[in-house]
Each structure stands twice: as structure tokens, then as C-alpha cells.
Amino acid sequence: MKSHQVVEYGKPLAATESPTPEPKGAEVLVRVAACGVCHSDVHLWEGHFDLGGGNRLDVTRGRALPFTFGHEIVGEVVSAGPEATGVSAGDRRVVYPWIGCGHCAVCESGEEHLCPASQALGVGRAGGYADHVLVPHARYLFDAGDVPIALAGTYACSGVTAFSALQKVRRRAHGRHLLVIGAGGVGMAGLVIAREIVDAEIWVADIDPDKREAARVAGADHVVDSSDADARKAVMAGTAGGVAAAVDFVGAESSSAFGWNTLARGGKLVIVGLFGGTFQAPLPLFPIKAVTVQGSYVGSPAEMTELMALVRAGRIPPIPVEARPMAELTRTLEDLREGRIVGRVAVQP
Ligand SMILES: [Zn+2]
Ligand SMILES: [Zn+2]
Numbered sequence: 099m100k101s102h103q104v105v106e107y108g109k110p111l112a113a114t115e116s117p118t119p120e121p122k123g124a125e126v127l128v129r130v131a132a133c134g135v136c137h138s139d140v141h142l143w144e145g146h147f148d149l150g151g152g153n154r155l156d157v158t159r160g161r162a163l164p165f166t167f168g169h170e171i172v173g174e175v176v177s178a179g180p181e182a183t184g185v186s187a188g189d190r191r192v193v194y195p196w197i198g199c200g201h202c203a204v205c206e207s208g209e210e211h212l213c214p215a216s217q218a219l220g221v222g223r224a225g226g227y228a229d230h231v232l233v234p235h236a237r238y239l240f241d242a243g244d245v246p247i248a249l250a251g252t253y254a255c256s257g258v259t260a261f262s263a264l265q266k267v268r269r270r271a272h273g274r275h276l277l278v279i280g281a282g283g284v285g286m287a288g289l290v291i292a293r294e295i296v297d298a299e300i301w302v303a304d305i306d307p308d309k310r311e312a313a314r315v316a317g318a319d320h321v322v323d324s325s326d327a328d329a330r331k332a333v334m335a336g337t338a339g340g341v342a343a344a345v346d347f348v349g350a351e352s353s354s355a356f357g358w359n360t361l362a363r364g365g366k367l368v369i370v371g372l373f374g375g376t377f378q379a380p381l382p383l384f385p386i387k388a389v390t391v392q393g394s395y396v397g398s399p400a401e402m403t404e405l406m407a408l409v410r411a412g413r414i415p416p417i418p419v420e421a422r423p424m425a426e427l428t429r430t431l432e433d434l435r436e437g438r439i440v441g442r443v444a445v446q447p
């Protein structure tokens, strides 16, 4: 099989050849049709996340190079081990990558994506930047119906991440205002999913006019340039005192501050993006405004199940996806890092 691997952190990826694995036990071998390129791949490729104040979170530990990243995988089942059930060769499936150990208390509670011994595809074990990927169990495979191939894989990360974050605000925002911060790949997924599952007036904030326009076309009720000095005032006036909930799909100091500053009393800010920096807020305002600040990381298998049912029912409008050859991965990671991509890029072997 051919893989596009990181051989040195931050350096161009290399095409490598290795024997195609044979599925054993309950494993399933999938031929990759497309793999979405996620912003977190940029950080994984660089080897760190920015924690602000000059501090970095090292994400190279426990991983030997060369390594195959890529966690928004869709493909076709090729073969399965003798213990695998419910799959047949030729099935087209999206792969849920947030795989845990399967037997700790966290996994047993249904939060496999938060397992302390996570073995996520494309993070802890070989992922989808290759022509084949080995999936440990058929329960991680999801039918995407007749969704276009380049789009289908994006549900495994940007889709389920947005869905899970919105689950945390849907009740709070009901009948009120929801602010979506950042209209990149995950933010756009958040916007289209919010229109389906959250009954609220939706505001979208982005600093990029092209992304604001994309959000407007995708159904945002209001768009606002969060770098504009009057943006906060516009949101406060347009929402009669602030939004009930904000989801920060950027996760930068400026974006989280914008979300915090536009919250109504009793509001909730959910931080999803991993851009980097430090969140600061005056402590007395937590009780005085009775606000909640919560983090959200990808999504659970149950949330993936729920999301994919909506996808198959045609209830989630597509986000813009551009297909590129897998050989253009390095350029794509650079484009993502520089904010040059609207929607999502999916690479194909
Ligand atoms: Zn991702
Ligand atoms: Zn576990």
C-alpha cells in the first residue's frame, strides 16, 4: 500500500510503500476513497499546539515516525477478519476514528472519544492519508447513504465535532440567539447542522469576508466581522442583550474573547477550535453573569450514530468540499495553516 507519511515534524510529507495489512480478528480493511484534511492535522504535523504565553503542548509523544495521519476517512470495505460481522466487501463506509481502549470506565460510559488510552485513527494509529486503512472493529463503520464521496469523510471529524458542540448548547439557545464563531471547515458544518437541530436565530462571526459570505449563503441569519470594533455592539443590540450561547470554532484568544463578551446572562460559551492561546476572564463575572464556559472535543460514537442518521435522511446540507490528489497534502496543510481554505479539502489516493 502507498501512504503519505510525516517523516519529520513540520517537513514535507513523503510517499512510502509498505505491505497492505491483512485484517485479523474483528478488524476490517478499508480502501480509502477520500480523507478530509482537518485543521488539527496542521498541529499534529507541526508537533505541537500553542498554549499561549510562549508555551506549547507537545503532541509528538507516543508516536514513532514515519506516521500516517488523516482521520476523516471514507472508503470501501475490502476484507474483514474472521470475527468481524455486519460488513461485506464493497460496502462504502465512513470511519469513526475516535477509538478508545474499549474497556475502561470512560469507554464503558459511551465516551470512547475521551478515553485516556485513546488509539484514534490518524492520531495514535495509522490513519487515512494512504490508499488503505485498518479499522479495529466494524462498529466504527457508518453508512453515509449517497452523500458525495469527498464530503462523506468530513462527518467523522468536522461533522461530529460540530454536532457534539451544538448538543451542548441546543437547549440553552432554544428560541433565542446562537453565535457561531468562525466559518471555516468545522464552523460551516456547525452552521448547517445548527440550522437543523437548534431552534434559534443564528449569528456567524468571522474576520474573513469570503467566509462571512459563505456563511450567509449557507443560511446564517446575521453575519458580523468580529475584528470590527463595533461588532460586539451590533451583536448586543441585535440580540437584546447578548446571545444565549456561543460556539467558538476557532479557539483563538480574540475569538473566545468575542464569544465571552457577547454572552447574555446565563449564557454558555463552548470552545471547540484549537487555534491556540490563553482564555482570560474576570472571575466575578462568572457568578454575576451566571455563565458557563465548556470545552468540547470531537464526539461520541452515539453522537456519530445520530448525526449519520440525519445525513442519510438528507437533512444536513453539504459544506463546500474541494477534492485534491493525496500527493498535494503538504500544500494543503500549508494552505490550512495560512487560512486559505474555504470549507474543507479532501484528498484522494
Ligand atoms: Zn479533525
Ligand atoms: Zn478506554
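Numbering follows my numbering, with no gaps: position 194 of the sequence shown is 292.
Where is the CB? At the ideal position from N, CA and C, for every residue including glycine.
Where the beta strand (DSSP E) through residue i begins and ends
i, result
"A170", "Correcting the residue type first, residue 170 is Glu in the shown sequence and not Ala. Here the beta strand (DSSP E) through E170 covers 170–178."
"D346", "341–346"
"A407", "Here A407 belongs to no beta strand (DSSP E); instead the alpha helix (DSSP H) covers 399–410."
"L219", "Premise fails: L219 is in no beta strand (DSSP E) and is neither H nor E."
"H275", "275–279"
Host alpha helix (DSSP H) of residue i (start-end)
i, result
"L212", "First-last for L212: undefined, no H or E at that position."
"T337", "First-last for T337: undefined, no H or E at that position."
"E181", "Here E181 belongs to no alpha helix (DSSP H), and DSSP marks it neither H nor E."
"S353", "351–359"
"I197", "That residue, I197, is in no alpha helix (DSSP H); it is neither H nor E in DSSP."
"T372", "The amino acid at residue 372 is misidentified as Thr; the sequence shows Leu. Segment: none, L372 is in no alpha helix (DSSP H) and carries neither H nor E."
"I247", "247–250"
Neighbourhood of residue i by C-beta distance below 6 Å, restricted to the same chain and skipping five residues each side
i, result
"I439", "D433"
"F167", "D139, L142, G220, G225, Y227"
"S262", "S394, G397, E401"
"P121", "L127, S177, A178, G179"
"H169", "P195, L219, G220, G225, C255"
"A182", "A124, V126, A236"
"E351", "G375"
"G173", "V128, R129, V130, A131"
One or two residues paired with residue i in a DSSP bridge
i, result
"Q446", "P423"
"N153", "G150"
"D101", "Before going further, note that residue 101 is Ser rather than Asp in the sequence given. Beta-bridge pairing links S101 to T114, A228."
"K366", "A343, T390"
"L64", "As displayed, the chain neither begins before 99 nor continues past 447, which places residue 64 out of reach and without an answer."
"V135", "V443"
Simplified DSSP assignment, three categories, for residue i
i, result
"K266", "coil"
"F261", "helix"
"F167", "coil"
"H141", "helix"
"I439", "coil"
"L381", "coil"
"A292", "helix"
"V130", "strand"
"R284", "Inspection of the sequence shows that residue 284 is occupied by Val rather than by Arg. If DSSP states are grouped into helix, strand and coil, V284 belongs with the helices."
"L239", "strand"
"V233", "strand"
"R190", "strand"
"V204", "helix"
"Y253", "helix"
"A271", "helix"
Close beta carbons around residue i, own chain, < 8 Å, minus the five adjacent residues each side
i, result
"A329", "A303, V322, D323, F356"
"G160", "G222"
"P307", "D323"
"P380", "none"
"I417", "L249, T252, S256, G283, M286, A287, V290, A316, G441, R442"
Same chain only: Cβ atoms within 7 Å of residue i, ignoring 5 sequence neighbours per side
i, result
"R223", "Q217"
"Q103", "L111, A112, T114, P164, F165, T166"
"F240", "R191, V192, Y194, M402, M406"
"R422", "T430, V443, V445"
"R435", "V140"
Just to confirm the assignment: which complete alpha helix (DSSP H) runs, minimum length 4, are found wholly within the stretch 299–335? 307–315
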